[in-house]
Amino acid sequence: MEDRNNEEWVRALGGVPDSGVLAALRETLLRGLRYALKQRYHVTESDLEDFVQDALVRVLDNLDTFRGESKFTTWAQKIAVRVAFSELRRKRWENISLQDLVPDDTSEDDSSGASPLSWMPSSELTPEHQITQHSLGALLQDLIREELTDLQRQAMTAIALKGMPLEEVARRMGTNRNALYKLLHDARQRLKQRLEAHGVTVDDVMAAFSPEP
Amino acid sequence: MSTEPEKLRNLMRSIFMTHRDEIGCDTCFDQMDLFAELTLAGKDVASAMPHVYRHLQMCKACREEFEALLSALKLL
Ligand SMILES: [Zn+2]
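These protein sequence lines map, in sequence, to chains A and B.
Straight run, no breaks: the first sequence in our numbering ends on number 215.
Straight run, no breaks: the second sequence in our numbering ends on number 77.
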């Protein structure tokens with residue numbers, strides 16, 4: 003059964019799908035997802051079955067986009083993984099708003115430590131490293147405030163500092179994951195230019211954050 | 002709530018690793034099946050598909066999916 007080639011898969015699943023072949027694909031995707039997700043994520047067998055059911059619909063709907071660059075089962079498994087992660091992320095973050103995570107706070111006063119943009123140097127470092135880490139942090143904080151758009155600042159804070167997944171932030175901002183990645187890319191480029199203009203090099207950053215043991 | 006140095010370091014690193022021409026998540030997804038097969042075959046994917054390789058370094062969401070795909074494929 004696993005020896006079916008790409009053409010055979012596509013032919014059997016096109017039009018009215020062959021039920022035996024569909025069942026074989028379902029089983030393959032289920033085994034793969036179960037193995038990939040069970041150790042690291044909290045998923046039940048019924049979650050897995052739901053993911054695979056949604057994935058099968060997507061696979062059938064998108065059959066004509068399969069270009070045969072990989073094995074058919076690899077391509078289908080990729081779709082199943084995407085479906086599963088989208089659902090896991092949605093559930094995990096469903097009760098958290100962007101406003102909770104990234105309050106509209108552009109005030110200069112961070113002495114309270116309340117802003118997500120205020121960071122503390124780790125205490126176990128030598129004073130030298132602390133100073134450098136602290137000053138780099140302060141500089142980056144200023145640049146994020148001054149050089150980025152509100153949208154870029156919000157997205158970068160939510161994703162890089164608060165750990166909200168890209169697609170969850172995207173949905174809350176009324177955009178999509180791909181567009182948000184590009185927005186963040188522009189933000190990173192801007193910050194890189196500005197840091198370099200301040201004479202900060204990648205070596206400085208590495209030295210500040212990777213102290214010798 | 003303050004941000005741990007770990008996150009600041011990762012953000013700094015991602016800023017300095019920024020390239021002018023990065024692909025987005027859609028293109029990465031498009032090529033991920035091939036990239037995963039080449040990875041499992043032990044190919045030098047960093048040279049063969051540098052854009053995907055770099056995107057996976059920069060994008061946690063795509064990286065998580067790629068890692069799950071790899072482990073699923075190891076079973077097949
Ligand atoms: Zn991505």
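Positions of the beta carbon are idealized from the N, C-alpha and C atoms, including for glycine.
Since this is a predicted model, take the numbers as computed values, not measurements.
Would you kindly work out how many angstroms separate the C-alpha atoms of B/Lys8 and A/Leu163, rounded to a whole number?
-> Within the second sequence, residue 8 of chain B is the residue found at index 7, counting from 1. Within the first sequence, residue 163 of chain A is the residue found at index 161, counting from 1. Taking the straight line joining both Cα atoms gives about 6 angstroms.
Just curious, the alpha helix (DSSP H) that A/Val45 is in, first and last residue?
-> Sequence index remark: in the first sequence, residue 45 of chain A carries index 43 (1-based). Neither: A/Val45 is in no alpha helix (DSSP H) and is coded neither H nor E.
Quick one: is the Cβ of B/His56 within less than 7 angstroms of any heavy atom of ligand 1?
-> As a working mapping, residue 56 of chain B is identified with position 55 in the second sequence. For ligand 1, at least one heavy atom lies less than 7 angstroms from the Cβ of B/His56.
CB of B/Ala62 to nearest heavy atom of ligand 1: below 7 angstroms?
-> The count along the second sequence starts at 1 and reaches residue 62 of chain B at position 61. Checking the Cβ of B/Ala62 against ligand 1 gives yes.
Run down chain B in chain order and give the residues with a C-beta less than 7 angstroms from the C-beta of A/Asn180.
-> On the first sequence, position 178 is the one that residue 180 of chain A refers to. The contacting residues are Gly25, Cys26 and Asp27.
Taking only beta-carbon atoms, is A/Pro105 less than 8 angstroms away from chain B?
-> In the first sequence, counting from the first residue as 1, residue 105 of chain A sits at position 103. By this cut-off, A/Pro105 is not an interface position.
Under 8 angstroms between C-beta atoms, does B/Pro132 make it to chain A?
-> Residue 132 of chain B is absent from the structure shown; chain B starts at 2 and stops at 77.
What are the uninterrupted segments assigned as alpha helix (DSSP H) that are 4 or more residues long and contained completely in the region 32-58 of chain B, given in chain order?
-> 46-49
Could you spell out where the alpha helix (DSSP H) holding A/His187 opens and where it closes?
-> To locate residue 187 of chain A, count along the first sequence from 1; it is residue 185. Counting along the chain, the alpha helix (DSSP H) containing A/His187 begins and ends at Arg179 to Ala199.
contact_flag[the region 91-106 of chain A, the region 54-72 of chain A] where n(CB pairs < 8 angstroms) is 3 or more = no
Does ligand 1 have even one heavy atom less than 7 angstroms from the beta-carbon of A/Tyr37?
-> Sequence index remark: in the first sequence, residue 37 of chain A carries index 35 (1-based). Every heavy atom of ligand 1 is 7 angstroms or more from the Cβ of A/Tyr37, so no.
Quick one: list the residues of chain B neighbouring A/Glu169, beta-carbon separation under 7 angstroms, in chain order.
-> On the first sequence, position 167 is the one that residue 169 of chain A refers to. Those are Ala62, listed as they occur along chain B.
Quick one: is B/Ser15 buried, meaning 16 or more other Cβ sit within 10 Å of its Cβ, or exposed?
-> By 1-based counting over the second sequence, the position of residue 15 of chain B is 14. The residue in question, B/Ser15, is buried, as its Cβ has 16 or more Cβ neighbours within 10 Å.
Count the other C-beta atoms from every protein chain shown that fall within 10 angstroms of the C-beta of A/Met221, then say buried if there are 16 or more, exposed otherwise.
-> Coverage of chain A is limited to positions 3 through 215, which leaves residue 221 of chain A absent and any answer about it impossible.
Would the C-beta of A/Tyr183 count as close to ligand 1, meaning under 7 angstroms from any of its heavy atoms?
-> On the first sequence, residue 183 of chain A is found 181 positions in, with the first residue counted as 1. Answer for A/Tyr183: yes, Cβ within range of ligand 1.
Assess, as a yes-or-no matter, whether the region 16-30 of chain B is touched by the region 173-187 of chain A under the definition of 3 or more beta carbon pairs within less than 8 angstroms.
-> yes
Leaving aside the five residues before and after A/Arg192 along the sequence, list all residues of the same chain whose C-beta is less than 6 angstroms from its C-beta, in chain order.
-> Within the first sequence, the letter at position 190 stands for residue 192 of chain A. If we look at A/Arg192 and ignore the five residues flanking it on each side, its Cβ neighbours are Glu149.
Run the CB neighbour count on A/Thr216, radius 10 Å, all protein chains shown included, and call it buried at 16 or more, exposed below.
-> This structure gives no information on residue 216 of chain A, because the portion of chain A shown stretches from 3 to 215.
Output, in chain order, the set of chain B residues within a Cβ distance shorter than 7 angstroms of A/Arg33.
-> What you label residue 33 of chain A is simply residue 31 of the first sequence in a count that begins at 1. Near A/Arg33 (Cβ distances below 7 angstroms), the residues of chain B are Leu76.
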